[in-house]
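Below is one structure; the comments refer to it alone.
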Amino acid sequence: MRNMTKIKAAAVMTAAVAGLAVATAPAQAHAGVVDVSRGSCKYYGYSDHGYAETEKTSGGCSGHAWLRVRINGVIGSWQHDPEREWIYAPSGMSIQVSDHKSCADCSYKNIWH
Amino acid sequence: MRMRYGVVAALALVLGTTGCGHTHEGPVVATPAAQFHEYVSDDERAEGRAAQNALLADGSASRGDYEDAVARLRKCLARGDVRLVSHGWNPVNHQNMSLWYENPSMPEDEVAAYGDQCHAAHVVTVEQRYAEQHPPRMSGALLTEARACLSGRGITTAGGDGSLPELVHTAGPDRKRDVFECVSKGVAKLYPNKPFIVS
Numbered sequence: 022m023r024n025m026t027k028i029k030a031a032a033v034m035t036a037a038v039a040g041l042a043v044a045t046a047p048a049q050a051h052a053g054v055v056d057v058s059r060g061s062c063k064y065y066g067y068s069d070h071g072y073a074e075t076e077k078t079s080g081g082c083s084g085h086a087w088l089r090v091r092i093n094g095v096i097g098s099w100q101h102d103p104e105r106e107w108i109y110a111p112s113g114m115s116i117q118v119s120d121h122k123s124c125a126d127c128s129y130k131n132i133w134h
Numbered sequence: 231m232r233m234r235y236g237v238v239a240a241l242a243l244v245l246g247t248t249g250c251g252h253t254h255e256g257p258v259v260a261t262p263a264a265q266f267h268e269y270v271s272d273d274e275r276a277e278g279r280a281a282q283n284a285l286l287a288d289g290s291a292s293r294g295d296y297e298d299a300v301a302r303l304r305k306c307l308a309r310g311d312v313r314l315v316s317h318g319w320n321p322v323n324h325q326n327m328s329l330w331y332e333n334p335s336m337p338e339d340e341v342a343a344y345g346d347q348c349h350a351a352h353v354v355t356v357e358q359r360y361a362e363q364h365p366p367r368m369s370g371a372l373l374t375e376a377r378a379c380l381s382g383r384g385i386t387t388a389g390g391d392g393s394l395p396e397l398v399h400t401a402g403p404d405r406k407r408d409v410f411e412c413v414s415k416g417v418a419k420l421y422p423n424k425p426f427i428v429s
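Note that the protein sequences, when read in sequence, are chains A and B.
Offset between the first sequence (1-based) and our numbering: plus 21.
Offset between the second sequence (1-based) and our numbering: plus 230.
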């Protein structure tokens, strides 16, 4: 998964920097990234129509990586993990919004597709 | 997936895409203002916390305790005209219930804020205690589907694997995505149109 994720991220990075349209799978073509870092602790959120994640990439903060998705206008519950929380959209459904935060009581940012 | 901040900034650029059912192109990042607004009164928060503490007074969180807390959550949401959509216990882990909030007439961020505040008042502590006291276990039928799918992908699972973390451990970190995909496929087959989260 890490290698696949790096490849996916690399493709998107290259496209974004070059300003080129990327011929990716439909879900990945609608991908977004958000920074929910706080202080010296780095947390990032990512989502496309089929997948979402929040990851703590560095820092010694105790806050978990928190993630929630919204599907067809219905808002789900928060999920969390000490390092990386990820959600696959239920088959046949599409993530419209993903919410990301870096601790239970932190404010959050979201990615709208 | 580890990225430098500068790369993240580049990635935050709106990718030129079409579709997604919105008039803008590509995804949009936002900080919802509604989350900073108080929708649940201090009295309700206090009552909710007291009710949670009462449920946990015997030191344990049972399924009945969790379901009682969810019943209070439903009433709290209803006061704000938000509907609780419950799909019951999540067959992926049986550690939490699949709870969703809905009101098509209200801005989504407000529905989310209302849901968060009611959940914090009435459920969060009971839910957390329940998960601590009950290790994840996958429903038998879902486990069977997931195992068959993984076998088809050349991944042999152990007879004692009974949860998503155990399947991931057996499959190895490089095959984690296979595990999640197989479990997702099983969910779609066994529980069509049910948005059970695989996480």
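The beta carbon of each residue, even a glycine, is placed where N, CA and C say it ideally should be.
Note that this is a predicted model, so its numbers are computed, not measured.
The alpha-carbon separation between Tyr360/B and Gln325/B amounts to approximately 7 Å.
Judged by DSSP in its simplified three-state form, His317/B adopts strand. Annotation: the region 251–337 of chain B contains the following complete segments of the beta strand (DSSP E) (minimum length 3 residues), in chain order: 258–260, 313–319 and 327–332. Listed along chain A, the residues sitting closer than 8 Å to Glu338/B by beta-carbon distance are Arg91, Gly94, Ile96 and Val118. Annotation: Cβ neighbours of Trp330/B in chain A (cutoff 7 Å, chain order): Val95, Ile96 and Gly97. For Gly345/B, the nearest beta carbon of chain A is closer than 7 Å to its own beta carbon. Going by beta carbons, Val413/B and Ala376/B fall inside the 7 Å limit. DSSP places Asp102/A in the strand class (E or B) of the three-state scheme. If you draw a straight line from the Cα of Gly382/B to the Cα of Gly389/B, it is about 16 Å long.
Trp99/A sits away from Trp107/A, with the two beta carbons spaced by 7 Å or more.
Ala73/A sits close to Ile116/A, with the two beta carbons spaced by under 7 Å. Val259/B and Trp319/B have their alpha carbons spaced roughly 32 Å apart. Neighbours of Glu104/A in chain B, taken as residues whose beta carbon is under 9 Å from its own, are absent, since the nearest beta carbon is some 11 Å off.
In terms of CA proximity to Val270/B, Lys305/B leads the group Ser292/B, Asp298/B, Asp288/B and Lys305/B. Assignment of Gly84/A by DSSP, reduced to helix, strand and coil, places it in the coil class.
Under DSSP, Ser119/A takes part in a beta bridge, and its partners are Val90/A and Ile132/A. Contacts with chain A (Cβ-Cβ distance below 8 Å) from the region 254–278 of chain B involve Gly256, Pro257, Val258, Val259, Ala260, Thr261, Pro262, Gln265 and Phe266, listed in chain order. By the neighbour-count criterion, in which 16 or more other beta carbons inside 10 Å mark a residue as buried, Ala401/B falls on the buried side. Counted as a single uninterrupted DSSP element, the stretch harbouring Tyr421/B is not any beta strand (DSSP E), since DSSP gives it neither H nor E. Not a single C-beta of chain A is nearer than 7 Å to the C-beta of Ser335/B. Within the DSSP bridge table, the entry for Ser68/A names Gly53/A and Ala73/A as partners.
Look at Ser128/A: its C-beta is under 7 Å from a C-beta on chain B. Closest in C-alpha terms to Arg309/B, from the list Asn333/B, Lys415/B and Pro321/B, comes Asn333/B. Around the Cβ of Asp295/B, a 10 Å sphere holds 16 or more other Cβ atoms; the residue is buried. Neighbours of Ser369/B in chain A, taken as residues whose beta carbon is under 8 Å from its own, are absent, since the nearest beta carbon is some 15 Å off. Nearest Cα to Ser61/A within the set Ser123/A, Val95/A and Ser68/A: Ser123/A. For Ile385/B, not one C-beta of chain A is nearer than 7 Å to its own C-beta. Nearest CB-CB separation between Val341/B and chain A: below the 7 Å threshold. Taking CB atoms only, Gly53/A has a neighbour in chain B less than 7 Å away.
Looking at the DSSP output, Cys62/A bridges to Arg59/A.
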